[in-house]
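Sequential numbering from 0 applies to the sequence shown in numbering that gives the first Met the number 0.
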Amino acid sequence: MHKKINCPILFFSTTIIISASNQAFGHENLTMNLASEALATSLKSPLRNTVTVGSYKNIYGGTVPLAYYNRGNEWKLSSALPLPSDIIESSDKQVSFLNGVACDRKSRHCTAVGTYTTNTEGPKAPGYAPLSYFSNDGGVHWKLSLMLPLPLDVNTPADNQSTALYSVRCNKLNQRHCVAVGYYINDKNASAPLSYTSTNRGKRWKLSTTLPLPADIITTYSKQRSKLFGLACDTKVKSCSTVGSYINNLKSTVPLIYTSINRGQSWTISQNPLPLPEDAASNKQNSELLAIACDHTGTLCSTVGYYTTSSGGISPLSYSSSDSGNTWYLSSELPLPSDVIKRPVAQKTYLNGIFCDNIGVNCNAVGYYTNTTGGVASLSYTSNDGGNNWTVSPSTLPLPTNAASGLLSNSGLFSIICDSQKNLCTSVGYYRKNDNTGIAPLSYTSTDGGITWDVSPEINLPPDTAENNQMARLNSIN
0 MHKKINCPIL FFSTTIIISA SNQAFGHENL TMNLASEALA TSLKSPLRNT
50 VTVGSYKNIY GGTVPLAYYN RGNEWKLSSA LPLPSDIIES SDKQVSFLNG
100 VACDRKSRHC TAVGTYTTNT EGPKAPGYAP LSYFSNDGGV HWKLSLMLPL
150 PLDVNTPADN QSTALYSVRC NKLNQRHCVA VGYYINDKNA SAPLSYTSTN
200 RGKRWKLSTT LPLPADIITT YSKQRSKLFG LACDTKVKSC STVGSYINNL
250 KSTVPLIYTS INRGQSWTIS QNPLPLPEDA ASNKQNSELL AIACDHTGTL
300 CSTVGYYTTS SGGISPLSYS SSDSGNTWYL SSELPLPSDV IKRPVAQKTY
350 LNGIFCDNIG VNCNAVGYYT NTTGGVASLS YTSNDGGNNW TVSPSTLPLP
400 TNAASGLLSN SGLFSIICDS QKNLCTSVGY YRKNDNTGIA PLSYTSTDGG
450 ITWDVSPEIN LPPDTAENNQ MARLNSIN
């Protein structure tokens, strides 16, 4: 196992701890090592003008941002992304990655967000700061945004600071207005929800008003863990909903949802608490919402994540809303794949990404689960009623020819985008290779609306990728 980072550096807090020999599901921590090489991967009936972001481990031992763009028939590697001037100087200690990306309808203007390690000194160094880029040429080249301001109550000194952005949404018409969400550690040593807004395509960011906390949040400040992972808005980014989790006064991690009607400048807590499935664990529940999607008006929404069952396993979780995220209803119980591991306590099924069409009716969700071999496999669901009911993909998703198999098999999906009119979808994530070199980016395409999937050819990585212990992954697509 590689060195663990004291900051959740993955796309979601539901992190996978990926070791060289086997896999295990974890939470709050992840070791990120990544890999790459130059890329041009043919896709079968792909979506046009898409951009995807993540991170990889370079030959110096550092983790750096990774981005690709697609122009209709192949993925292409973006130019190397510049790093912040105040990033930690030691190349082997640099950790920077991208968790979310948003583009306009033509994918010309794009904005990406994440986090990076700063050059602060102190006993708890390095600190983590929010990271943002923007692109004006469809993801071919990226520029750093201006340094993001931190909340007035951020933890001090600087080596104690831990701040990350997980999701971003922008005006689909011109990309001008953007909203980004995540979390930060405040001066009470509590994790608190974080939000920014931008009026110039993510070049410069402004802090939103401090978000209110749930009434039943645990009272001990140092144990408060409130975080935002997913974000959805209407086409013009006027009405938004964001999802995540917090720890309540019963010491359980439970879903958290906010809504905004002013482009993310201020937020209101949505229905709280949210109902949990009947088979949810009654004590020390661990449930989070990791992604959300809404129709073009922001009225019809669906959100996905996971929860702990009474048997000790992890099952997929989904809610739907028809009033712009103010009230929520539990979706029907989601069916599990036919080859899911049989012991309930060993079942670990997570939903990490969701997409819904412009009218909020046809939705797709992706994630991963433990199968009968003891490995981790990619997962896909479809819904034709706005996420009220879900159908699991009827067949196991294929893996690249160089993927590890059996107990060593480890793959997962984190993000999905579709063109519902053409029934085309693309989803991205990671998989373990069979040559012990590590983890590589994974991409699928579907021509039937996400019912069945074709795996894309192996995605090459940047030329400065580490030769061994690679951990390259794609966290978001738009």
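For every residue, glycine included, the Cβ atom is placed at its ideal position computed from N, Cα and C.
Everything numeric in this text was worked out from a predicted model, so none of it was measured.
Can you round the beta-carbon distance between Ser-240 and Ile-184 to whole angstroms, since I take them to be within the 8 Å contact cut?
Position 241 of the sequence shown holds residue 240. Position 185 of the sequence shown holds residue 184. The Cβ separation is near 24 Å, so there is no contact.
Buried or exposed: where does Thr-369 fall if 16 or more other Cβ atoms within 10 Å of its Cβ makes it buried?
To locate residue 369, count along the sequence shown from 1; it is residue 370. Counting Cβ neighbours within 10 Å, Thr-369 comes out buried, since at least 16 surround it.
Rounded straight-line distance, which links the Cα of Gly-99 to that of Phe-133:
In the sequence shown, residue 133 corresponds to position 134, counting from 1. In the sequence shown, residue 99 corresponds to position 100, counting from 1. So the two alpha carbons sit approximately 12 Å from each other.
Is it the case that the region 388-398 contacts the region 335-353, given that we only count it when at least three CB pairs across the two stretches are under 8 Å?
Three or more pairs of CB atoms, one per stretch, sit closer than 8 Å, so the region 335-353 contacts the region 388-398.
Endpoints, the beta strand (DSSP E) within which Pro-418 is located:
For the purposes of this step, residue 418 is taken as residue 419 along the sequence shown, with counting starting at 1. Per the sequence shown, residue 418 should be read as Asp rather than Pro. Residues 410-418.
Own chain residues within Cβ distance below 6 Å of Lys-205, not counting five before or after
For the purposes of this step, residue 205 is identified with residue 206 of the sequence shown, where counting begins at 1. Around Lys-205: Thr-196.
When the Cα of Ile-415 is compared with those of Val-365, Thr-400, Asp-453 and Thr-371, which residue comes out closest?
Here residue 415 corresponds to residue number 416 of the sequence shown, with the count starting at 1. When C-alpha distances from Ile-415 are compared across Val-365, Thr-400, Asp-453 and Thr-371, the shortest belongs to Val-365.
Boundaries (first-last residue) of the beta strand (DSSP E) holding Glu-73:
For the purposes of this step, residue 73 is taken as residue 74 along the sequence shown, with counting starting at 1. Looking at the DSSP string, the run of the beta strand (DSSP E) that includes Glu-73 is 73-76.
By DSSP, does Asn-388 sit in helix, in strand, or in coil?
Counting from one through the sequence shown, the residue named residue 388 turns up at place 389. When secondary structure is reduced to three states using DSSP, Asn-388 falls in the coil class, being assigned neither helix nor strand.
Kindly indicate which residue of Leu-172, Gln-174, Asn-173 and Ser-166 has the alpha-carbon position closest to the one of Gly-481.
Look at the range of the chain in this structure, 0 to 477, and you will see that residue 481 is not part of it.
Host beta strand (DSSP E) of Ala-179 (start-end):
Counting from one through the sequence shown, the residue named residue 179 turns up at place 180. For Ala-179, the enclosing beta strand (DSSP E) covers residues 177-184.
Give the range of the beta strand (DSSP E) segment to which Glu-287 is assigned.
Along the sequence shown, read from residue 1 onward, the residue named residue 287 stands at position 288. Here the beta strand (DSSP E) through Glu-287 covers 287-293.
Among Leu-145, Leu-460, Cys-362 and Ala-279, which one has its Cα closest to the Cα of Leu-441?
Indexing the sequence shown from 1 puts residue 441 at position 442. Taking the Cα of Leu-441 as reference, the smallest distance to any Cα among Leu-145, Leu-460, Cys-362 and Ala-279 is reached at Leu-460.
Whole-angstrom distance between Arg-262 and Ala-231, CA atom to CA atom:
Looking up residue 231 in the sequence shown gives position 232. Looking up residue 262 in the sequence shown gives position 263. If you take the alpha carbons of Ala-231 and Arg-262, they lie about 11 Å apart.
Would you kindly work out how many angstroms separate the C-alpha atoms of Thr-308 and Ile-58, rounded to a whole number?
By one-based count along the sequence shown, residue 308 stands at place 309. By one-based count along the sequence shown, residue 58 stands at place 59. So the two alpha carbons sit approximately 42 Å from each other.
So, under 8 Å CB-CB, Ser-84 and Val-63 are touching, yes? Tell me the CB distance rounded to an integer number of Å.
To locate residue 84, count along the sequence shown from 1; it is residue 85. To locate residue 63, count along the sequence shown from 1; it is residue 64. In this structure, Ser-84 and Val-63 do not form a Cβ contact; the two beta carbons are roughly 15 Å apart against a cut-off of 8 Å.
Please report the straight-line C-alpha distance between Asn-422 and Thr-326, rounded to a whole angstrom.
Taking the first residue of the sequence shown as position 1, residue 422 is located at position 423. Taking the first residue of the sequence shown as position 1, residue 326 is located at position 327. Looking at the backbone, the Cα of Asn-422 and that of Thr-326 are separated by about 30 Å.
Assigned secondary structure, Tyr-368 (DSSP; H/G/I helix, E/B strand, else coil):
As a first step, residue 368 is located in the sequence shown; it is residue number 369 there, counting from the start. It is a strand residue.
Terminal residues of the beta strand (DSSP E) in which Ser-455 lies
Start at 1 with the first residue of the sequence shown, and residue 455 comes out as number 456. Run containing Ser-455: none; DSSP gives neither H nor E here.
Residue range of the beta strand (DSSP E) that Lys-56 falls in?
The sequence position of residue 56 within the sequence shown is 57, counting from 1. It spans 49-56 - the beta strand (DSSP E) in which Lys-56 sits, taken as one unbroken run.
For chain D, check one thing: does any of its Cβ atoms lie closer than 8 Å to the Cβ of Ile-291?
Looking at the structure shown, chain D is missing, and only one protein chain is on hand.
Is the beta carbon of Ser-251 sitting closer than 8 Å to the one on Lys-226?
Taking the first residue of the sequence shown as position 1, residue 251 is located at position 252. Taking the first residue of the sequence shown as position 1, residue 226 is located at position 227. No. Outside cutoff.
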